[in-house]
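Notes follow the structure.
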Amino acid sequence: MMPQAKPAAAAKRPLTYQEVWGRAGIYAFLGVLALFFLLPLYVMLVTSFKSMDEIRLGLIFSLPQQFTVDAWVKAWTSACTGLECTGLRVGFGNSVKILLPSVVFSILLGALNGYALSFWKVKGANVLFACLLLGSFIPYQVFIYPLVRVYAQTGIYGSLPGIVLTHVIFGMPVMTLLFRNYYSGLPVELFKAARIDGAGFWKIFIAIILPMSVPIAIVAVIMQVTAIWNDFLLGLVFAGRENLPMTVQLNNIVNTTTGERAYNVNMAATVLTSLVPLAVYLLSGRWFVRGIASGAVKG
Amino acid sequence: MGAEFTRHVRRNLVAYIALLPMAAVVIFAYLGTMAWSVRLSFSSSKLLPRNDFVGFAQYVTLFDTSRWLTSLGNLAVIAFFFLLICFVLGCLLAIFIDQNVRAESLFRTVFLYPYAMSFVVAGLIWQWILNPDLGIQATMRGFGFSGFVLDWVVNPRMVLYAVILATVWHGSGLVMALILAGLRGIDGEIWRATRIDGIPAWRVYLSIVLPMLRPMIITSLVLLSISIVKMYDVVVAMTNGGPGTASEVPAKFIMDNLFERANIGLATAASTVMLITVLLVMAPVIYSQYFRKSGRAA
Amino acid sequence: MSSVSLENLDISYGNVPIVKKLDLTIRDGEFLVLLGPSGCGKSTLLSAIGGLTDVSGGRILFNDKDVTWTDPKDRGIGMVFQSYALYPTMSVERNLSFGLRIAGIDRAIIERKVKWAAELLQIAHLLDRKPSALSGGQRQRVAIGRALVRDADIFLFDEPLSNLDAKLRAELRLEIKKLHKTLKSTMIYVTHDQIEALTLADRIAVMKDGIIQQLDTPLNVYNKPANEFVGSFLGSPAMNKVEGQLAADGDRLFFAAGDFRLDVSRYLFAQTAESGRKVVLGLRPEHILPASGSAAAIEGKVSLVEPMGSSILAWSVFDGVSLSHLVGQDDGCEADRAFAVTIDVQKASFFDVETGWRL
Amino acid sequence: MIAMKQMVAVSAIALAAATGIARAEEPLNAEVIHWWTSGGESAAIAVFADAFNAAGGKWVDNAVAGGSAARSAAINRIIGGDPSTAALFNTSRQYHEIIGEGLLNDIDAVASKNDWDKVLPAPIANAVKVDGKYYAAPVNIHMPLWIWYSVAALDKAGIDKPPETMEQFLADLDKLKAAGIIPLALGGQRWQENSLFSAVLTNVGGAKLWTSVYGDKDEAAIRSPEFRKVIETFVSLKPYVDQASQGRNWNDATALLIKDEAGFQVMGDWAKGEFKQANKEIGKDYGCIPGLRPDAPYVLGGDVFVFPKTDDAEQVKAQHLLVEIMTDPDVQVKFNNLKGSIPIRSDVDVSSLDACAQLGMKIMSDPARQVPDASQMMEEFVYGSVQDIVTELWNTPMTVDQAIDRFEKALKG
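Protein chains in written order, with our numbering: chain Z, 4 to 302; chain X, 324 to 621; chain S, 3 to 361; chain A, 3 to 415.
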């Protein structure tokens, strides 16, 4: 993996004076930036464990004097939006219901598109793909209004299939791009050999290409889980009252104002809402870099 | 052409069928809605779409609206600094992490985790940290530095940089991951060769390594650009466009006019302008990066 | 048992023509090598024969049956690729049997066939391994095995040996030759390596820019190259080329380039060669022999010698013309010394200066 | 009105949806989309919900945080052919275009039964009546431009009685500043800055300037010295606002008064809810000033419910029942007490209302002082442009002439 000879690579011989300072500089740079990157997470965590009294008096960067998980319990079970006080629980379930099919379908479709685009000759496919890529630059807002009307016509407006379809549609450009580029890096002979072996479109896809797609699929899963879980706008518009995702509930809780803002509950709710993508990153961060390195982003 | 085309389609029929969902999405969800938007931008639509035709009236109004012009200017500033800082910071992080540091995976995770958070969270939390009454300024003053000022979110001249700070925090980890992946893919012989030639490390990175990472760089710039054009949540969460209109962005202008202001005609005119801008800027990039050398003939 | 006919074949990629108006017939059981520099269209042509590349004009016939638009799997072919193209997620056994399983062949038959191919190629002990656990040579054997089990009538090889080192290459070359002897199938083999072409082929088709330059037996292609390109593409060390003109002197015909004169009366011209015609003389180094006191000897001065093991390649100047020629180790050829040679005119080649075609 | 106040940060992320197929099998199910999510607001809407349930209906609550998000959700549902039974709007022109498209049910039947023509104040009746038919049920009247003050803060600054003129008000601000108290509590959000501007406009310019600038969009009025004075006064307020006001929520600003850290705040009558929750008493801890001139106009804003088109007889029945309940005199008093606003009908018993509300009812009884809210006098997008100008005027340097030019362009254009 690592190129062996790096300018400052740890060599066996004792480091020179200059190199020691160099190492120190590297760690200083990384350390300071790590603090900068961790600051918001730190603030969110310490605040969520404080009581409101303490927040009112203390500084946001100080550690909680009296450690309490009340805010977390409240955020999860009883924070109110409107007349309902059910906390984030319901939204969590809804988000999972939306997330799973959306991730599976958008990745499968992205893989299929990428496969068809890079191994099969389909006239006009590249033009379609170019339009798709350009489309990914347009703010969602432009699409929402007409989509609402089309969905209304087809009767899937405000339903689980509706929101899943929406995520599949808006995930398609990046997913297709990822898989297309990854597949472009695979030897085309593999595909030819399989065709001579008599495998057809689907057989090649399922038996040969998909099993080889693990590295890029991990990247795709990470990106889609993050994007779909963090989505607010599409969930709000398309999911329907019964299926509103966690982010929408978070917004309702954070913006539900009763006198003083319950910063501790808000922070706990925010961290709770971010837990799933955070967990995905923590558990598979190394695969992310590796997956990208495996050719995911080759031109 | 005719008969051969038929034969070609028949031989690749399944591939054509498999691409139908994508074709449907592109034609209906993307091109269709774009065409619809462009059409409405020539109408007088307010709350509901209307089918009349008013020529370029909405565009004239649009470019006579100071908030729109402010939004465009802000977007340019944000795009420039966000791309520049994210890119430089991401590259530096990747290069430094790639120096055989201890706890590499810890550093990597720390720099990448913000990307897992939503823009809304990024905006909210930085708004709080930068809030003069609560955050860093209050803390520093609490320590006795009574003259300490960090009022970016409330200062019209600095507020854009507060937004940039939050987005850089959110996005530079992605650049780091991409560049790091690229660095890991570079042949060790290159490093040996440059050592023999006695080229200083910074020079190697600048003149040899960066050019080799071109695909990674372009991909990260493309991903960052997508988030710039769509930049909305973070601004709404952090400043809601304020103070005044100092941090307004085009996506927010479109949203506000589409819904809050019930001015669909103006909103679609604005999105058409964005569409054309994106086309002009991104089409050549996308073409050269993803299509020009696509020489694969299956 | 199959013959292959290509009729008036056009292949283009986009608007770029790759193969132009190509006619070629490969006889049943023949070992045909498509030889040419990279980019000459030979691999594309092979791909089209395999049904992997669409043609833009013409027909492909297998045993007089039009297969131009037939699916690859229905053509009765086996194919071996330069990059091996083994399915990385499958074991060797699964790699070999993949096609058969798709065809829904009985398990017992599959097992028998895989065993047969594995033994023939000496890879039986590798059946459980994944391709990543194999050496280059082993991978190529598996790739060949995959083609074998298909009971193909026609085998297509796309530069199968170029990713191997020299020793393995020679070894596998021999095995492919043996295989052809055993199976007696039609084989079409693409390579840019002239040694492979010369050793394996029944006939060689030399290609350049999508056009077949010469189709003949290895000996004829080597000895009687159809044009300047073929002459210089084949042969190592490379053919000497000298530009000059023909000059009649009485009933004798001479080749003259400046002071250099060579009696070429004994050369068998395919076309009438009139005096004054501008020509290129092609001389292979091994056809310039050390003179053993012969009258026709030409005296020159050696400028450089390159020992090549069994022989020595010498660079000498003869009357202002620099030629490379082979000498034995005991011929006493050293740099800066004079050296005399005779030239075997019958084995020389003359090409038209303008067209490059053989005279 | 409260809607716009609620548009904090994220909530503005427009367009909400929220379906939920109305369960037709249960009679008189009523799904109501609204944005009343804060404590006092929730308590207020619960009055409607309880009364509706008690009358045999089943209230299905659909709260979407943020006014524009909730309205967008309602409109999308209407356009999507899957409307809710009722949806909350502001007393403004927000829903007039939907009426034009024939997408709302009129409620004339209930209105004529209850004699709305008589009991509703004219500006409110005009706002909900289109082409002679009632299309919306007004539920409250908000006066968005009350001036609140902290008694303790004023005492500390040596101000013995609340200001009655603009001059006194400005002088009091100086005194507060000298005493180290934040003179003017403001949340630096577009709508709050606009409330402040509106307050200056009504109190400096009076009812006449208000209606001729915002209502008639009269060029002469925009270019008049009075309007120039309004802009100058507005800009002169800048130094009285603390630095951290940017982005502050209205209730956080009110909290400054509750904690006696600030002197004045211009805010709608819903601010009372905050004072009440903090157990503060009118007169003792805080006070309300309806205007800074004897004839100060009383701006009538408020909230209405609209009833999307449906042919389902059960739903129409539910809609009519909702209207009945929401405008019932007793429910009105109860609701408005919690909401902080005043009832829409003049025929209710005001005795249980608080002092500020009673003061409001009294002022409102003089039709000469009734003026409609700005949002009722112009289309959404025009009002939006006006708000943009005000917020820029407040936050960035702009000359008075530039501001006047831009006002003219926005209002006339």
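All residues carry an ideal CB built from backbone N, CA and C; glycine is no exception.
Being a predicted model, the structure only gives us computed values, none of them experimental.
Cβ-based burial, residue i [other Cβ within 10 Å; buried from 16]
i, result
"Ile111 (chain S)", "exposed"
"Met310 (chain S)", "exposed"
"Ile224 (chain A)", "buried"
"Glu381 (chain A)", "buried"
"His127 (chain S)", "exposed"
"Asn17 (chain S)", "exposed"
"Leu18 (chain Z)", "exposed"
"Thr55 (chain S)", "buried"
"Leu453 (chain X)", "buried"
"Arg25 (chain A)", "Bear in mind that the predicted position of Arg25 (chain A) carries a pLDDT of just 38, short of 50, making it unreliable; the figure below should be weighed with that in mind. Exposed, since its Cβ has fewer than 16 Cβ neighbours within 10 Å."
"Trp514 (chain X)", "buried"
"Ile599 (chain X)", "exposed"
"Pro374 (chain A)", "buried"
For residue i: DSSP bridge partner residues
i, result
"Arg360 (chain S)", "S:Phe353"
"Ser364 (chain X)", "Beta-bridge pairing links Ser364 (chain X) to no other residue."
"Lys60 (chain A)", "A:Asn31"
"Gln156 (chain Z)", "Partner(s): none; Gln156 (chain Z) has no beta bridge."
"Phe257 (chain S)", "S:Leu248 and S:Leu264"
"Gly284 (chain S)", "S:Lys243 and S:Ser351"
"Phe91 (chain A)", "A:Val306"
"Ser324 (chain S)", "S:Val319"
"Glu9 (chain S)", "S:Arg61"
"Ser152 (chain A)", "A:Tyr288"
"Asp218 (chain S)", "S:Ile206"
Own chain, CB closer than 7 angstroms to residue i, minus 5 neighbours either side, in chain order
i, result
"Glu336 (chain S)", "Val304 and Val307"
"Met400 (chain A)", "Glu394"
"Ser277 (chain S)", "Leu248, Ala249 and Ala250"
"Pro239 (chain S)", "Pro287, Leu315 and Ser326"
"Glu27 (chain A)", "Per-residue confidence for Glu27 (chain A) stands at a pLDDT of 44, beneath the threshold of 50, marking its modelled position as unreliable; the derived number appears in the next sentence. Result list for Glu27 (chain A): empty, nothing under 7 angstroms."
Other residues of its chain near residue i: CB distance less than 8 angstroms, five sequence neighbours each side excluded
i, result
"Leu213 (chain Z)", "Ala114"
"Asp346 (chain S)", "His289, Ile290 and Leu291"
Neighbourhood of residue i by C-beta, 6 angstroms cutoff - its chain only, sequence neighbours within 5 removed
i, result
"Phe404 (chain X)", "Ile487"
"Tyr224 (chain S)", "Leu236"
"Ser543 (chain X)", "Val498 and Leu501"
"Lys308 (chain A)", "It should be noted that the sequence gives Val, not Lys, for residue 308 (chain A). Hits under 6 angstroms: Ala89, Phe91, Tyr97, Leu106 and Ala138."
Amino acids of chain C, ordered along the chain, whose beta-carbon sits closer than 8 angstroms to that of residue i
i, result
"Thr600 (chain X)", "Any reference to chain C falls outside this structure, whose protein chains are Z, X, S and A."
- Query: Which residues, in chain order, does the segment 178 to 208 of chain Z contribute to contact with chain S at a C-beta distance below 7 angstroms?
  - Reply: Pro190, Glu192, Leu193, Lys195, Ala196, Arg198, Ile199, Asp200, Gly201, Ala202 and Lys206
- With 9 angstroms as the C-beta to C-beta threshold (strictly closer), list the residues of the segment 179 to 202 of chain A near chain X in chain order. Gly190, Gln191, Arg192 and Glu195
- Item | Under 7 angstroms (Cβ pairs) to chain Z, residues found in the segment 328 to 349 of chain X | Asn335, Val337, Ala338, Tyr339, Ala341, Leu342, Pro344, Met345, Ala346, Val348 and Val349
- Message: Within 8 angstroms, do at least three Cβ pairs link the segment 208 to 223 of chain A to the segment 292 to 305 of chain A?
- Response: yes
- Which residues, in chain order, does the segment 76 to 95 of chain A contribute to contact with chain Z at a C-beta distance below 7 angstroms? Asn78, Ile81, Gly82, Gly83 and Asp84
- Message: Closer than 8 angstroms is the cut-off here; do at least three beta carbon pairs connect the segment 215 to 222 of chain A with the segment 280 to 293 of chain A?
- Response: no
- Below 9 angstroms between beta carbons is the criterion; list the residues of the segment 71 to 91 of chain S that meet it against any residue of chain Z, in chain order. Asp73, Pro74, Lys75, Asp76, Arg77, Ile79, Gly80, Met81, Val82, Phe83, Gln84, Ser85, Tyr86, Ala87, Leu88, Tyr89, Pro90 and Thr91
- Item | Contact the segment 133 to 149 of chain Z vs the segment 354 to 362 of chain X: 3+ CB pairs below 8 angstroms | yes
- Item | Interfacial residues, the segment 372 to 389 of chain X to chain A, with Cβ spacing under 8 angstroms | Thr384, Asp387, Thr388 and Ser389
- Query: Do the segment 562 to 579 of chain X and the segment 518 to 528 of chain X meet, that is, are 3 or more Cβ pairs less than 8 angstroms apart?
  - Reply: no
- Message: Can you pull out the residues from the segment 213 to 236 of chain Z whose beta carbon lies closer than 7 angstroms to at least one beta carbon of chain S?
- Response: Pro214 and Met215
- Is the segment 237 to 248 of chain Z close to the segment 159 to 174 of chain Z, with three or more CB pairs under 8 angstroms? yes
- Task: Count the C-beta pairs between the segment 33 to 50 of chain S and the segment 155 to 166 of chain S that are closer than 8 angstroms, then say yes if the count reaches three, no if not.
- Result: Segment contact: the segment 33 to 50 of chain S against the segment 155 to 166 of chain S, three or more CB-CB distances shorter than 8 angstroms; contact assigned.
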